[in-house]
Amino acid sequence: MSVRPTTLALLLFFGTTFLFFSLFAPRFATASNMENLMSGFSFLAILAIGQSFPILLRGIDLSIGAIVALAGMVAFDLTLIFHVPGYLVLPAALAAATLAGTLNGALIVYLRLQPFIATLATLAVYRGLVYSISGRQLVRGLSTTPITDRWITDLETYYDLGSAVGLSRFIKFPWFPLSFFVMLALLAVFQSVLITTRFGRDIYAVGGNLEAARLAGINTRRTTIAAYAICGFCAGIAALILVARLTTSTEALGTGMELTAIAAAVIGGVSLSGGVGSVFGPAIGAFLLGVILLGLTLLGVSQFVQQILTGAILLGAIGYDRLLVVRRQRRTAVFLAERA
Amino acid sequence: MRVVSAGAVGRRLVPHALPLVILVIVIVFSIAQPAFIKPENLIGIVRQMTLVGIMAVCTTFVIMTGGVDLSVGPVLATAGLVSFFTMQAGMPLPIVLATGLGLGLAIGVVNGAIVAFLQLPPIIVTLATLSMVRGAALILGGPDLHLIRDEPAFTFIGTGTLFGLPFSIILFVAVTLAMIFVQRRTPLGLLVAAIGDNERAAYLSGHKIAATKVTIYGISGLGAALAGIVQSSQVHTAAATYGPFGTELDVIAAVVLGGTSIAGGSGSVARTVVGLLFLGVVSNGMNILNVPIDIQLMAKGAIIVVALGLGELK
Amino acid sequence: MVEPPLIRGIGLGKVYGNLVALDDADLSVRAGEVRALIGSNGAGKSTLIKILTGAVMPTAGSVEMAGEPVRLGSPPEMIRRGVACIYQHSNLAPAMPVLDNIFLGRQPTLGFGFVDRKRQRREARELMQRFAIDLDLDATVAALPTVKQKEVEILKALALDAKVILMDEPTGWLAAADVRKLHASIRALKARGVGIVYISHMLDEIFAVCDTMTVMRDGHVIAEVDVADMDRPRLVALMVGDDLAKSSAGASLAKRIPRGNGIVRLRCRGLGKRGLFRDISFDVNAGEIFCITGLIGSKRTELIRSLFGADRFDSGSVEFDGKPAVFRNPSQAIGASIGFVPEDRHRDGLMLGLSVAENLVMSALGRYRRFGLLDRRKMADASRRSVSSLDIQPPDGDKQVRLLSGGNQQKVLIGKWLSLSPRLIILDEPTVGVDVGAKAEIYAMLRAERDRGAAVLVVSSDIEEVMTIADRVAIMVAGKLTAVHDADKVTRAEIIRDIGESAA
C-alpha cells in the first residue's frame, strides 16, 4: 500500500514538532521525558487504534471510555473479591470488553441504530453496569486495597533496552514501558490485518462504498460487528494497562477518553466519511498529542492553553483532509476538461 | 392559520407513542409512590431538567439539519464565568447578561460558520471547539469556584419565584415557547425543516443554506450560555469546570429521544420537550423509588436503544 | 438454437408501493452475444439489471441460467454463478488500491483469512495481458481518471470469470477514444463466449458493438430485434416513443407561437463549460415554449443548471431582459424571476417529509413574511388556491408530499414556481414518471405560463412531448446545439434525423 500524503504530512508534522520541542523545551529530549511520553500515551494510542475501526466504517464509538471502566472493574472484582489468578483475570477482562464492543456492533446492525446513538446509549449502560458491579461499593475497604497480582501489575514494567544493547554507555537511554510494546504489537497486528487479510480489505470496502461491498457479496453485517468488537477489545487492553499503573480501578476510569481517542484517530488521517485511513496514523496522532502536551508543559505553557491548542490541531487536521478532497475534485474537473 | 399548524402538529405527534408512554409511567410511579404525583414533585421534575432542557430545545434545530453541537458544556461554563467577572467589575445586570449570552452566541456562530463555509463535519468541529472553549474558560477562571455574593437580581434568575413558580422554570418554558414559535411561525423554522429534509432541494429553491446554519448554531450557543447563567445563579458560583463531559450527550439524548433523527430530517422543538419530560419523569420516578444510580444509568441507555430501535424496526 | 441462453429472465416484474417499475419483462443473452438494452429514464432498465445481479428481489417472474432456475435476490448467489455487473455509478471502494478492488469480496486466501497477494497480482496481470488493459495495480482508485476506473470495473468483472457481464451505461463518462478501447475489450470478451447486456443511450455505440437489442418503455419490453435489422431513424423513433397512433391526436391541435411576442427574454451567446458543452447560443423569447431535445447524456441538464446559477459557465455570456446576467447561486436567479424544475424531483426538487403547502411556498418565503414572521394564514390561502388551480389530489395542503402520486408531486414542484409568476421558467424533463392525465395538465400549465407572457424553457428527451408543447425546438447533440427549428415548420422525422446525426 502506498503511503498516502496525509500520512506523510502527519509524520512530517510529528517530526517537526518533536524537533521543535527538543530544541526549545527544557528537558524535553531527556530519557525521563521520553518515558513519560511512552507510558502516558501508549494506552491512548491503543484506544485510537481501536477507534479507527468504527470510523473506517463511517461509524463512531462513544462508549469506549465506559468499556475501559467496565474491563477495569471486571479485573478489579475478579482479583480482589474472588481472588481469581491473574492469568485468568486478563482474558476475562478482555472478553468483557470485546463482548461490550460486539453488543455495540449488534445494536447498529440489527436494530439499525445510528452508531452515534447506539454507542451513546451503551455509554450509559456500561457506565451504569460499572457502578453496579463496583467492588469498591460492594465490599467495604476494597477501595484502598491495591491489586498485587503479578500478572496484572507486571504490565507496568519498564525495560532497560539501553543497557541491553549497550547504548547506555553513551547516552542516557529511556526505559521502555511494556505498554509501549503492547501498543506496537497491536499496531503491527491490526495494520497487517487491515492490509493483508480479507477481513481488512472488507473493512475498507464496506466503509468506502457500502453498496458496492454488499453487491460484491461481502457480509457487511459481520464486518461491522467485528469492527466494533475490535474497538472494544482495544479498550480492554487500555483498561488493563491503566489498572496495572493505578493498581486499582475506579468507576470513573476512562471518562472522556472516547473524545480524545476520536480526536487522535481523526488527526491520524482516518476520514469520518469512511474507508480512508490506517491504524498507523491514529497511533501517531495519539503520540503527536502527547508530544505537544508534554512539550508545552515543559515550556511552562499552561495546561489550559494546551486544551485550546488540541482543539486547534483537530480543526487543522480535518481542514487539511478537506483540502485534499477539494483538490482531488478539482483534479477530476481538470481531467474532464482535458478529455473534451 | 390555526388549522394548518394544528394539523401539522397532529401529523408529527401521531406516530409518536412517547406521550402515552409518559402518561403510563406517571400512573405507575404514582401508584407505586404517591409522593410522585404531588405538585411539589412535579415542579421538581421540571426544575431538574431546566438546564439540559434549555440546551436541548435550543440545539434541536442543529440536530434537525443533520448536525450536532458537542460544545455546549464548556459554553455553559464560560457564560457563567463571564457573567461573574462582569458582575465583579460592577456592571449592571443587563450588561452582565448581554455579555454572557453574547459570548455563547459568538461561539455558536463560529461553529456554524466553520461547518457551513468550510463544510467540515460538525461532530469534529464542535469537538474541537469543546476543547478550545474549555481551555479558554480555564484560563479565564482557573480551576476554582467563584462565589457570587450579594447579587440579588442575578441570583433571582436561578432561585427566585414568580407567581409561585421557580423563575428558572418560567425561563425554560419561555425559551421553549419562543423556540416553538420560531419553528412554526418564522421562515427560519420552515427553512430548518427544509434543509433537514432535503438540503439540495432547499439550495435549488433559492435558500441561503450557510446563513441558516450559522444562525442555528448561534441559537445553540445562546441556549448553552443561558443555561450557564441559570446554573451559576442557582448554585451561587461560577466555575470553568461546569457542564462537565457528558452534558452534551445528555442534551443530544433528550433531542433524539424526542424523535429528531440525528441524520437530519424530521423533528421538532415540541418533540424535544416530550423527550425531556420522558427522561425527567423516568429519572425522578426512579429517584423516588430509590433506584440506585447504576440501574438508572443502565435504564437510560436501554430506553434510548429500545425507543429508537423499535422506531427503526417498524 | 439448441443451447439454452446463458441467462434468461422470464416474466420479471417489480412493484414498489403503487408504482410498477417493471412488468412482465423478458431478457436473455446467449454466449458471445452483445445485447443492447435501450429505453428512456424510468423505463425499467436498471430495475431489470438489478434483478439479474440479485440486488433487487422481483415481485414476479424467474431467472434461469443455462436452463436452470436460480435463487433470486442474492448478490453472492449471482456472483457465484458468474454474473458480473458494471454499474452506471462507480461501484468501487475509492480509497483502496486497484488490485483490491478487482478482487473485492472474493480475494484468494492462503488460509486464516490472509489474502494471497501474489496470486492476486499474478491473476490480475494475466487478465490485463489477455484483454490488453494497462493499469497500475497499486494506484488508489480515487486517484485514477474515470476511464481507468471503468477499466478497473471491467477487470473486476473479468476476474470473476464472469459468464455474463451487465453494463449499465459504461461509457457515460468516457471520451470517444476511450469508448473505442472499451469496445475492443467487449469484442475480446465476446470472442471468449461471454454474454453481455449493454445499456446505452448512444446510437453509435449500439450499432458499433451490439448484436441484438431489447427496447423498453414504461416498464415493458416493446421490441426485441437484431441490430442488423434496425436502422438509425427507426431506432430513434422507438427510443423517443414516436408512437404513430398517439401522434395524430393532440399534438397539432395546439397553436404554435414561435418567437412568442418577439421580445428576447433570455439571450445566450457562446456558453461553454469544460468537458461538458461548448459554444451554445440561443434566444428564448417571452411568450414561447422553447424545447431543447436530444438523447440522454447530451449535457442539456448541465447547461440549464448553469443558467440557473446552480453551476458555473467557463465561457460565454447570458443576458436576461437585455441586461447581463451572471447568477452565482440559485437565490440570485430566483431574485431575477427565474424558476427551475429539476429532473429528479426526489433528489433535487421536493422536501418529501414536508407538507404540500410548505413545499408550494418554499421558493417564495419572502412573500409570506410579515414583520419577520411567517404569515401562516396567507400561506394557507395561497396553497389552497394553488392546490385547487393545480388540481392536486387529494386536495389537502397538510398532506406530506411523500404520500402523493408521482404526477401530483410533479404538479406541486411546478406549482411552487407558478405562484411566483416567473419571467422565465426552466423545466428539466417535466413529465418523467408522470401518468398521462397529469401530463396533459402539466402541458396546460406550461401553455398558460406562455400565454401569460413568460418564457418557458423545457429540456425533454420525449419527442412526443416536444411535438406537443414546443413553439421552437433546439437539438442538442453531445454538448453542442446543432439546430433550432420553428415547431410549426419541422416534422417529427426531421427532428429524429437531427438527433440521430450524432457527431461521433
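As given, the protein sequences belong to chains A, B and C, one line each in that order. Quick note on numbering: the working numbering labels position 189 of the first sequence as 463, and the sequence is numbered without any gaps. Quick note on numbering: the working numbering labels position 73 of the second sequence as 99, and the sequence is numbered without any gaps. Quick note on numbering: the working numbering labels position 173 of the third sequence as 516, and the sequence is numbered without any gaps. Glycine residues also receive a C-beta, built at the ideal position from the N, C-alpha and C atoms.
With DSSP run on the structure shown, which of helix, strand or coil describes residue i?
i: residue 401 of chain C; result: coil
i: residue 59 of chain B; result: coil
i: residue 667 of chain C; result: strand
i: residue 325 of chain A; result: helix
i: residue 66 of chain B; result: helix
i: residue 833 of chain C; result: coil
i: residue 492 of chain A; result: coil
i: residue 341 of chain A; result: helix
i: residue 318 of chain A; result: helix
i: residue 433 of chain A; result: strand
i: residue 633 of chain C; result: strand
i: residue 363 of chain C; result: strand
What are the boundary residues of the alpha helix (DSSP H) that residue i is part of?
i: residue 259 of chain B; result: 235–261
i: residue 714 of chain C; result: Run containing residue 714 of chain C: none; DSSP gives neither H nor E here.
i: residue 548 of chain C; result: 546–552
i: residue 288 of chain B; result: Careful: residue 288 of chain B lies outside any alpha helix (DSSP H) and carries neither H nor E.
i: residue 223 of chain B; result: 213–223
i: residue 312 of chain B; result: 295–314
Taking the beta strand (DSSP E) that residue i belongs to, which residues open and close that run?
i: residue 540 of chain C; result: 538–542
i: residue 557 of chain C; result: 555–560
i: residue 613 of chain C; result: 607–616
i: residue 378 of chain C; result: 377–381
i: residue 683 of chain C; result: 681–684
i: residue 624 of chain C; result: 620–628
i: residue 414 of chain C; result: Segment: none, residue 414 of chain C is in no beta strand (DSSP E) and carries neither H nor E.
i: residue 354 of chain C; result: 350–359
i: residue 569 of chain C; result: 563–569
i: residue 510 of chain C; result: 507–511
i: residue 819 of chain C; result: 815–820
i: residue 851 of chain C; result: With chain C represented from 344 up to 847, any question about residue 851 of chain C goes unanswered, as that position is not in the structure.
Short of 7 Å in beta carbon distance, which residues of its chain neighbour residue i, apart from the five on each side in sequence? Order them along the chain.
i: residue 752 of chain C; result: 688, 693, 744
i: residue 467 of chain A; result: 473, 474
i: residue 808 of chain C; result: 774
Which residue wins for smallest C-alpha separation from residue i, given the options the options?
i: residue 636 of chain C; options: C/430, C/553, C/798, C/823; result: C/823
i: residue 133 of chain B; options: B/242, B/311, B/73; result: B/242
i: residue 294 of chain A; options: A/597, A/570, A/604; result: A/570
i: residue 346 of chain A; options: A/562, A/580, A/511, A/602; result: A/511
i: residue 720 of chain C; options: C/740, C/451, C/655; result: C/740
i: residue 209 of chain B; options: B/124, B/75, B/90; result: B/90
i: residue 301 of chain B; options: B/320, B/323, B/333; result: B/333
i: residue 529 of chain A; options: B/282, B/287, B/272, B/288; result: B/272
i: residue 614 of chain C; options: C/650, C/605, C/761, C/451; result: C/650
Could you pull out every residue in the same chain whose Cβ sits closer than 8 Å to the Cβ of residue i, ignoring the five residues on either side in sequence?
i: residue 353 of chain C; result: 369, 404, 405, 406, 407
i: residue 285 of chain A; result: 558
i: residue 442 of chain C; result: 460, 463, 464, 467, 480, 481
i: residue 798 of chain C; result: 603, 608, 609, 627, 628, 629, 630, 631, 633, 766, 767, 768
i: residue 240 of chain B; result: 135, 138, 139, 142
i: residue 482 of chain A; result: 548, 549, 550
Step through the CB atoms of chain D and report whether any lies within less than 9 Å of the CB of residue i.
i: residue 704 of chain C; result: Structure shown: chain D not included; protein chains present are A, B and C.
Under the criterion of a Cβ to heavy atom distance below 8 Å, does residue i qualify as lining the ligand HEM?
i: residue 149 of chain B; result: No copy of the ligand HEM appears in this structure; indeed no ligand is present at all.
Counting only the same chain and skipping the five closest in sequence on each side, list residues whose C-beta sits under 6 Å from that of residue i.
i: residue 680 of chain C; result: 765, 766
i: residue 166 of chain B; result: 107
Unbroken stretches of the alpha helix (DSSP H), 4 residues or longer, contained in the segment 424–473 of chain C: 441–445, 460–473
Alpha helix (DSSP H) runs contained entirely in the segment 742–768 of chain C, provided each spans 4 or more residues: 749–761
Uninterrupted alpha helix (DSSP H) stretches inside the segment 543–583 of chain A (no shorter than 4 residues): 554–572
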